[in-house]
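Residue numbering for the sequence shown is 7 to 342, as defined by the working numbering.
Just so you know, even glycine gets a beta-carbon here, dropped at the ideal spot from N, CA and C.
Small disclaimer: the values here were computed from a predicted structure and weren't measured.
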Amino acid sequence: MRAPTGFDQKAFFNFCRQLRREHKNREVTKVLHDALRRYQLDANGILQAGRMLPQLGNTEDNTLNVAILGQCTTTWLVPALTAIARGRNQELNVVEADYDNVIQGIGSLDPNVDAVILVPWTQRVFHPDNRSAGQRVQDELQFWQSAWNMLAKRTDLHVVQVGYDWIDAGSDGHFLGVGDGGCIDIIRTLNTELRKTLPAGSYLVDLEQVSGTLGREHFYDRRQYFWTKQPFSDAGVVRVAEHIWAGLRAATTGPKKVLVLDLDNTLWGGVVGELGPLGIELGDTPAGEAFRDFQRLAQSLAKRGCLVAVCAKHNPEDARGPFEQNPQMILSVDDI
Numbered sequence: 007m008r009a010p011t012g013f014d015q016k017a018f019f020n021f022c023r024q025l026r027r028e029h030k031n032r033e034v035t036k037v038l039h040d041a042l043r044r045y046q047l048d049a050n051g052i053l054q055a056g057r058m059l060p061q062l063g064n065t066e067d068n069t070l071n072v073a074i075l076g077q078c079t080t081t082w083l084v085p086a087l088t089a090i091a092r093g094r095n096q097e098l099n100v101v102e103a104d105y106d107n108v109i110q111g112i113g114s115l116d117p118n119v120d121a122v123i124l125v126p127w128t129q130r131v132f133h134p135d136n137r138s139a140g141q142r143v144q145d146e147l148q149f150w151q152s153a154w155n156m157l158a159k160r161t162d163l164h165v166v167q168v169g170y171d172w173i174d175a176g177s178d179g180h181f182l183g184v185g186d187g188g189c190i191d192i193i194r195t196l197n198t199e200l201r202k203t204l205p206a207g208s209y210l211v212d213l214e215q216v217s218g219t220l221g222r223e224h225f226y227d228r229r230q231y232f233w234t235k236q237p238f239s240d241a242g243v244v245r246v247a248e249h250i251w252a253g254l255r256a257a258t259t260g261p262k263k264v265l266v267l268d269l270d271n272t273l274w275g276g277v278v279g280e281l282g283p284l285g286i287e288l289g290d291t292p293a294g295e296a297f298r299d300f301q302r303l304a305q306s307l308a309k310r311g312c313l314v315a316v317c318a319k320h321n322p323e324d325a326r327g328p329f330e331q332n333p334q335m336i337l338s339v340d341d342i
């Protein structure tokens, strides 16, 4: 049986199931990995892949054991994180604690766990009572400091702490919500204090920033929260998993420090071998401004220690021409 041509997600998973019926688990793992690596799956497909992968058996020797402990339901986060990491060539064995059992989960943590993900939610922050805004913040900080102190007994453990977020401004509205003691202000104050007090070596996922990249209307699913106590939409949980994986990768393997770039229609518009170093699109057009902006990003990474390399089918003279002759170039040969 051959894989479907093009990419039809339904046909793709039918193909995976057929391979499983034929006991070809290694082949299933490979096609899932390829689809994840190429970003071919939507959020639902990523979750499907994440549920399927643990059933296929380990294929790597560098499996990372991860425990997720949350104040909300984290059942959907397990397959999302599994799939995201697998698409980046890391196999995870992910387990989760029961709903809102963070402290108990730490107490019963398996000694083989390499990393812990801590996921908060707001049910206690905004519990209807007479506490002041400051007291609400302090109560949450004390809770997480207790958790961190327990985890500190394991010096080999990597910790990824997810921050807090607000879904909407509630009855305060946006104007009052950002004022002193408003619900948005409480969340932002809490996140600031979390960042200040987080143990050295830990990684903080800025959930407010993450949800903003997708938009809260798409990131959260209120209906799902009331049914399952899981606040994220499918797209939201995948986005959270991507940022959690970034934290895990930074903690366990270090950041990637090489950026390999093509030239034509990547650093400039057009084909330099046909247009010449001064004829490429770069500068005073919308696309030209976009290419210059991308070059600024690459240059800023180079200044931070990232190696910027070029891989392109050009003779050396054509490749170097824009760098040496075009005054609109941001990058120089010295940056490469």
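Which whole-angstrom value describes the C-beta separation of G99 and N71, a residue pair presumed to lie in contact below a C-beta threshold of 8 Å? Note that residue 99 is Asn in the sequence shown, not Gly. In this structure, N99 and N71 form a Cβ contact; the two beta carbons are roughly 5 Å apart against a cut-off of 8 Å.
In angstroms, rounded to a whole number, what distance separates the CA positions of G93 and N50? Taking the straight line from one Cα to the other gives about 15 Å.
My understanding is that V196 touches G188, with C-beta atoms under 8 Å, so please give their C-beta distance in whole angstroms. According to the sequence as given, residue 196 is Leu; it is not Val. Incorrect: roughly 13 Å between the Cβ atoms, too far for contact.
Alpha helix (DSSP H) containing Y231: first to last residue? Note, Y231: alpha helix (DSSP H), R228 to T234.
Between the stretch 264 to 271 and the stretch 105 to 123, do at least 3 Cβ pairs fall closer than 8 Å? The count of Cβ pairs closer than 8 Å, one atom from the stretch 264 to 271 and one from the stretch 105 to 123, stays below three, leaving the stretches out of contact.
Using beta-carbon positions only, say whether V108 and A73 come within less than 7 Å of one another. Between V108 and A73, the gap from beta carbon to beta carbon reaches 7 Å or more.
With DSSP as the reference, label A9 as helix, strand or coil. Note that A9 scores a pLDDT of 48, beneath 50, so its modelled location is shaky and nothing firm can be said.
Could you tell me the alpha carbon to alpha carbon distance between K309 and I336, rounded to whole angstroms? Rounded to whole angstroms, K309 and I336 show a C-alpha spacing of 13 Å.
contact_flag[the stretch 159 to 173, the stretch 205 to 224] where n(CB pairs < 8 Å) is 3 or more: A contact exists between the stretch 159 to 173 and the stretch 205 to 224.
Around the Cβ of W233, are there at least 16 other Cβ atoms within 10 angstroms (buried) or fewer (exposed)? With fewer than 16 other Cβ atoms from the protein chains shown falling within 10 Å of its own Cβ, W233 counts as exposed.
Taking three-plus beta-carbon pairs below 8 Å as touching, is the stretch 76 to 85 in contact with the stretch 39 to 49? These segments do not touch.
Output the residue ranges of the beta strand (DSSP E) runs that lie fully inside the stretch 30 to 108 and measure 3 residues or longer, sorted by chain position. For the stretch 30 to 108, whole beta strand (DSSP E) runs of length 3 or above, ordered along the chain, are 70 to 76 and 98 to 102.
Give me whichever residues DSSP pairs with G207 in a beta bridge. DSSP lists no partner for G207.
Ignoring anything shorter than 4 residues or poking outside the stretch 235 to 270, list the alpha helix (DSSP H) runs there in chain order. If we require 4 residues or more, the alpha helix (DSSP H) runs fully inside the stretch 235 to 270 come out as 240 to 258.
Test item: CB-CB of V125 and G63 under 7 Å: Against a cut-off of 7 Å, the Cβ pair of G63 and V125 comes out as no contact.
For a minimum of 4 consecutive residues, which ranges assigned as the alpha helix (DSSP H) are wholly contained in the stretch 106 to 191? Fully enclosed alpha helix (DSSP H) runs of 4 or longer: 108 to 113, 139 to 157 and 179 to 183.
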